[in-house]
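Q: As numbered in my numbering, residues 986 to 1207 make up the sequence shown, in order.
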Amino acid sequence: MADRKGTGILVVMADVPAELEDEFNRWYNEEHIAELTSLPGVLNAARYEAISGSPKHLAVYEMESPDVYSSDTFQNYLANPGEWSRRMSPRVIGTNYVHNVYQVIYPEQVPASMSGSDMAPILQYGRMDIPERYEEEFNAWYSTVYVPNYCEVPGVIQARRLKAVRGVPAYGVMYEFVNEKVPQTPEWEKARDANPWSLRIRPKMEHANGSPGVYRKTFQLG
């Protein structure tokens, strides 16, 4: 099975004017995702819409590594958009625009069980900063306690921690769920504060507006 997940992720988010949403969705689904996933190193992609949180529209691109984004081929594509892209790009028509490139920092290597997996039906995506004085402890806690606790919750497929190499805030986390009810379960609530370390470090996080959000998949090629 071909790899569908690597160590890089591109996330694009935006709200778009209601009167442009139909054409925006057609552009994304009929042209844009197909063009991007044809570029070398782009392994998979899907679009999502917010169930909770914001912005409304989310696109996630799985890449072999963050270096794919900075490659000549990728940058040449971005620098020479077609006519439809020039009109409909979320960079042009969107508000609350987010364009982040991430290095996956947890797990450090793509597990064999994850590499061929498809885009999840439901994502919870969080974006956060942490004061520098807490950063080392924050990373140790998040990767050894917080995410592993959540991964034991029924309905959690897998989770990844992200460090921005382009865009802000500095950190992200992406949980994959089998359905949208997972973060409403008692097991999820229990995992949030299951460790005393969580009670001390979690309040130090500074979440971006609208984060975390829960998103439902609306489109994927293939």
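Glycine included, every Cβ here is placed at the ideal spot set by N, Cα and C.
In the DSSP output, what is Gln1109 paired with across the bridge?
A: Your numbering for residue 1109 matches position 124 in the sequence shown. Paired residue(s): Tyr1160 and Val1199.
Q: How would you label Ser987, buried or exposed, when you count the other beta carbons within 10 angstroms and need 16 or more for buried?
A: Residue mapping note: residue 987 aligns to position 2 of the sequence shown, counting from 1. According to the sequence displayed, residue 987 carries Ala and not Ser. Under this definition Ala987 is an exposed residue.
Q: Just to check my reading of the structure: Ala1193 and Pro1154 have Cβ atoms closer than 8 angstroms, yes? What is that Cβ distance to the nearest angstrom?
A: The residue labelled residue 1193 in the question sits at position 208 within the sequence shown. The residue labelled residue 1154 in the question sits at position 169 within the sequence shown. Yes, Ala1193 and Pro1154 are in contact; Cβ-Cβ is about 5 angstroms, under 8 angstroms.
Q: Could you tell me the alpha carbon to alpha carbon distance between Ser1050 and Ser1039, rounded to whole angstroms?
A: For the purposes of this step, residue 1050 is identified with residue 65 of the sequence shown, where counting begins at 1. For the purposes of this step, residue 1039 is identified with residue 54 of the sequence shown, where counting begins at 1. About 26 angstroms.
Q: Taking the CB atoms as reference points, tell me whether Asn1124 and Ala1179 lie closer together than 7 angstroms.
A: Position 139 of the sequence shown, counting from 1, holds the residue named residue 1124. Position 194 of the sequence shown, counting from 1, holds the residue named residue 1179. Contact flag unset, no.
Q: Give a yes or no on whether the C-beta atoms belonging to Tyr1033 and Leu1043 are separated by under 7 angstroms.
A: Along the sequence shown, one-based indexing puts residue 1033 at 48. Along the sequence shown, one-based indexing puts residue 1043 at 58. Closer than 7 angstroms, so yes.
Q: Sort Ile1142, Thr1129 and Val1150 by Cα distance to Glu1163 and report the nearest one.
A: On the sequence shown, position 178 is the one that residue 1163 refers to. Before going on, a small fix: residue 1163 reads as Val here, not Glu. The residue with the shortest Cα to Cα distance from Val1163 is Ile1142.
Q: Leu995 lies in the beta strand (DSSP E); which residues open and close that run?
A: Translated into the one-based positions of the sequence shown, residue 995 becomes position 10. Element bounds for Leu995: Gly993 to Asp1000.
Q: Can you have a look at Thr1058 and say buried or exposed, based on whether 16 or more other CB atoms are within 10 angstroms of its CB?
A: Your numbering for residue 1058 matches position 73 in the sequence shown. Result: exposed.
Q: For Leu1147, tell me which candidate among Ser1056, Gly1140, Ser1128 and Cys1136 has the shortest Cα-Cα distance.
A: Here the question's residue 1147 lines up with position 162 in the sequence shown. The option with the nearest alpha carbon to Leu1147 is Ser1128.
Q: Any idea what DSSP makes of Ser1102, helix, strand or coil?
A: Numbered from 1 along the sequence shown, position 117 holds the residue referred to as residue 1102. If DSSP states are grouped into helix, strand and coil, Ser1102 belongs with coil.
Q: May I ask which residues mark the beginning and end of the beta strand (DSSP E) holding Gln1143?
A: On the sequence shown, residue 1143 is found 158 positions in, with the first residue counted as 1. Unbroken beta strand (DSSP E) run through Gln1143: Val1141 to Arg1151.
Q: Which ranges does the alpha helix (DSSP H) cover as unbroken runs of at least 4 residues, wholly within the region 1016-1069, from first to last along the chain?
A: For the region 1016-1069, whole alpha helix (DSSP H) runs of length 4 or above, ordered along the chain, are 1018-1022, 1052-1055 and 1057-1064.
Q: Out of Tyr1160, Arg1118 and Asp1052, which one is the CA nearest neighbour of Met1099?
A: To locate residue 1099, count along the sequence shown from 1; it is residue 114. Checked all of Tyr1160, Arg1118 and Asp1052; the closest Cα to Met1099 is Tyr1160.
Q: Should Asn1085 be labelled buried (16 or more other beta-carbon atoms within 10 Å of its own) or exposed?
A: Locating residue 1085 in the sequence shown gives position 100, counting from the first residue. So Asn1085 ends up on the buried side.
Q: Given that a residue counts as buried once 16 or more other Cβ atoms are within 10 Å of its Cβ, and exposed if not, what is Ala1019?
A: Residue mapping note: residue 1019 aligns to position 34 of the sequence shown, counting from 1. Classification of Ala1019: exposed, given that the 10 Å Cβ count is below 16.
Q: What residue does the alpha helix (DSSP H) around Ile1186 start on, and which one ends it?
A: Residue mapping note: residue 1186 aligns to position 201 of the sequence shown, counting from 1. Here the alpha helix (DSSP H) through Ile1186 covers Pro1181 to Ile1186.
Q: From the DSSP output, in three-state form, read off Glu1120 for me.
A: Translated into the one-based positions of the sequence shown, residue 1120 becomes position 135. Looking at Glu1120 - three-state DSSP - the assignment turns out to be helix.
Q: Would you kindly work out how many angstroms separate the C-alpha atoms of Ser1056 and Tyr1087, rounded to a whole number?
A: Along the sequence shown, read from residue 1 onward, the residue named residue 1056 stands at position 71. Along the sequence shown, read from residue 1 onward, the residue named residue 1087 stands at position 102. Answer to the nearest angstrom: the Cα atoms are 15 angstroms apart.
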